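Count along the sequence shown from 1, then add 226; that gives the number in the numbering used here. Ideal Cβ positions, reconstructed from N, Cα and C, are used throughout, including at glycine. Note that the structure is predicted; figures quoted are calculated from it, not measured. Below is one structure, written out as C-alpha cells; comments come after it.
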Amino acid sequence: MRSRRACPERSRRACSALIVVWATAAVLGQAAAPAFDSGRAWEHLRQLVVIGPRPAGSAALDQTRKYIKSQLASAGVTVIEQPWDEATPIGKVHMVNLIATIPSARPEGAPRDRIVISGHYDTKLFRDSRFVGANDGGSSAAFLVEMARVLKARRNALTIELLFLDGEEAFCLNWDECSRPGAPDNTYGSRHYVADGKRAGTLAAIKAHILVDMVGDRDLRVKRDLNSTPWLTDIVWAAAKARKLDTYFVPQTTQIEDDHIPFMQAGVPSVDIIDLEYEAWHTPRDTLDAVSAGSLQVVGDVLLAALAPIEARFAKR
Ligand SMILES: [Zn+2]
C-alpha cells in the first residue's frame with residue numbers, strides 16, 4: 227500500500243480544498259504535515275526479511291544494522307551506535323543499539339528534552355527452524371526507518387530519538403526460562419540503554435517513550451497495556467479514536483512485558499504499542515504473508531497524531 231498522493235477524478239473537489247489548505251500553510255510558512263508512507267515501510271520490511279534470521283550477535287544482524295544506517299543516512303538523519311558485550315545463557319554476545327536523533331526546531335540552548343520512539347530489530351534465535359521475524363523484529367525496525375524520514379521533514383517541538391534496540395528476545399525458548407535474579411534473559415538492549423542513561427543522568431530528559439513491537443499483524447488489534455503509563459496510553463488511544471482507527475486500537479486491556487519495562491522502572495513515562503495476539507508468533511510462519519502494509523499505516527498515522535498532544539504537554543514554544 228502507498229499513501230495516496232494524486233487527486234482521483236471523483237474526489238477532485240476534496241483535493242481542491244486540500245490544495246487550498248496546503249497553499250495557506252505555505253503562506254504561513256508551514257510545510258504540510260509529512261505523512262507516514264506504508265509503501266516505503268513495506269519495502270524496508272521486505273529487505274529485512276530477505277536478510278533472513280537476524281538474532282543478536284549474528285552476521286545477519288550486522289548486515290541489518292548496515293541497512294538501517296544507510297537508510298537513515300539517505301534520510302539525512304544522524305545515527306550513533308551503542309555497542310557492548312553481554313553475558314547470556316549462550317555465552318558472550320556482542321550487541322549494538324542504534325540511536326538516531328532528529329533535533330527539535332527549538333532555538334539553540336533549549337533544554338535537551340526529548341521523545342524516544344523505540345522498537346527492537348533483532349529476531350528470536352531458533353536453531354531448528356528458519357525464523358525470519360517479518361512481524362517480530364521486522365515490523366518495528368522497518369516502521370522506525372520510515373518514521374525517521376517522516377519526522378526529519380516534520381517541525382518537531384521536542385528532539386526526537388529513534389531507538390533501535392538489540393537483544394529484546396530471550397536466547398532460551400521461553401521469555402524467563404533462563405532468567406536469574408538481576409539477570410533477565412530478555413530485553414538486553416533496553417536494559418543496557420536505561421542503565422547507561424542512569425549513569426549519564428540523561429533519563430529525566432525523556433518526557434515520553436513510545437515503544438512499537440509487532441505492529442505488522444495483518445489482523446491488527448492493539449490492546450491497552452496496563453504496564454504502560456496511563457496518561458500516555460490515553461493520548462495514543464484518543465489519537466486513534468479521533469482518526470477513526472479505534473477498530474485497531476481497542477479499549478480492551480492486557481499486561482505486557484517488553485522493552486518498556488526497564489524505562490518504566492526508571493520512571494520514564496512509556497507506552498507499549500503491541501499486538502501480541504499474533505497467530506504466527508515465534509513460529510516459522512512469521513513471514514511476509516502474515517503481515518500487511520495497511521497495519522503499519524494505521525500505527526504510523528496514530529503515532530504521528532499522538533505526537534502533537536504529547537509535545538503540547540511539555541514544549542514551551
Ligand atoms: Zn518475539
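Contact test: residue i Cβ vs ligand 1 heavy atom, cutoff 7 Å
{"i": "K350", "result": "yes"}
{"i": "D362", "result": "yes"}
{"i": "H418", "result": "no"}
{"i": "H435", "result": "no"}
{"i": "E505", "result": "no"}
{"i": "E395", "result": "yes"}
{"i": "H508", "result": "yes"}
Where residue i sits in the DSSP three-state scheme
{"i": "M440", "result": "coil"}
{"i": "Q273", "result": "helix"}
{"i": "A431", "result": "helix"}
{"i": "A409", "result": "strand"}
{"i": "Y414", "result": "helix"}
{"i": "R539", "result": "helix"}
{"i": "V358", "result": "coil"}
{"i": "G283", "result": "coil"}
{"i": "D422", "result": "helix"}
{"i": "G278", "result": "coil"}
{"i": "A261", "result": "coil"}
Below-8 Å beta-carbon distance, residue i vs any chain D residue
{"i": "R406", "result": "As a matter of chain content, chain D is missing from the structure shown, which is built from one protein chain."}
Nearest neighbour of residue i, chosen from the options [CA to CA]
{"i": "V358", "options": "A541, S521, W507, I536", "result": "W507"}
{"i": "Y419", "options": "T480, I306, Q289, F369", "result": "I306"}
{"i": "G379", "options": "A261, V528, H486", "result": "The question names Gly, yet the displayed sequence has Ala at residue 379. Cα-wise, what sits closest to A379 is A261."}
{"i": "N400", "options": "Q308, T479, L351", "result": "L351"}
{"i": "R511", "options": "D484, L530, R444, G526", "result": "R444"}
{"i": "R539", "options": "L287, D527, A434", "result": "A434"}
{"i": "L389", "options": "V303, R353, A286", "result": "V303"}
{"i": "V497", "options": "I341, S365, L437", "result": "L437"}
{"i": "D485", "options": "S454, A534, F369, T509", "result": "S454"}
{"i": "G363", "options": "I316, D348, L377", "result": "D348"}
{"i": "K295", "options": "A313, V322, A531", "result": "V322"}
{"i": "V276", "options": "Q289, F489, R266, S344", "result": "Q289"}
{"i": "A431", "options": "A492, D402, R381", "result": "A492"}
Near ligand 3: residue i beta-carbon under 7 Å from a heavy atom
{"i": "N361", "result": "Ligands in the displayed structure: ligand 1; ligand 3 is not one of them."}
**Message:** At 4 residues or longer, what runs of the alpha helix (DSSP H) sit wholly inside the region 285-353?
**Reply:** 285-300
**Prompt:** Where in the region 367-406 do unbroken runs of the beta strand (DSSP E), each at least 3 residues long, occur, reported from the N-terminal end onward?
**Reply:** Within the region 367-406, the complete beta strand (DSSP E) runs of at least 3 residues are 385-391.
**Request:** Mind the definition here: the region 398-417 touches the region 285-305 only if three or more C-beta pairs lie below 8 Å; say whether that holds.
**Result:** no
**Asked** Is the region 452-464 touching the region 511-526, taking contact as three or more C-beta pairs under 8 Å?
**Response** With a cut-off of 8 Å, the region 511-526 and the region 452-464 do not count as touching, because too few Cβ pairs lie within range.
**Prompt:** What are the start and end residues of each continuous beta strand (DSSP E) run of 3 or more residues lying completely inside the region 443-527, in chain order?
**Reply:** 448-451, 475-480, 496-500
**Message:** Within 8 Å, do at least three Cβ pairs link the region 308-319 to the region 415-432?
**Reply:** yes
**Prompt:** Any contact of the region 523-541 with the region 462-479, i.e. 3+ C-beta pairs under 8 Å?
**Reply:** yes
**Request:** Kindly confirm or deny that the region 476-494 and the region 448-455 touch, where touching means at least three C-beta pairs closer than 8 Å.
**Result:** yes
**Item:** Cβ contact check for the region 274-287 and the region 392-399: 3 or more pairs under 8 Å
**Value:** The region 274-287 makes contact with the region 392-399, as at least three CB pairs between them are under 8 Å.
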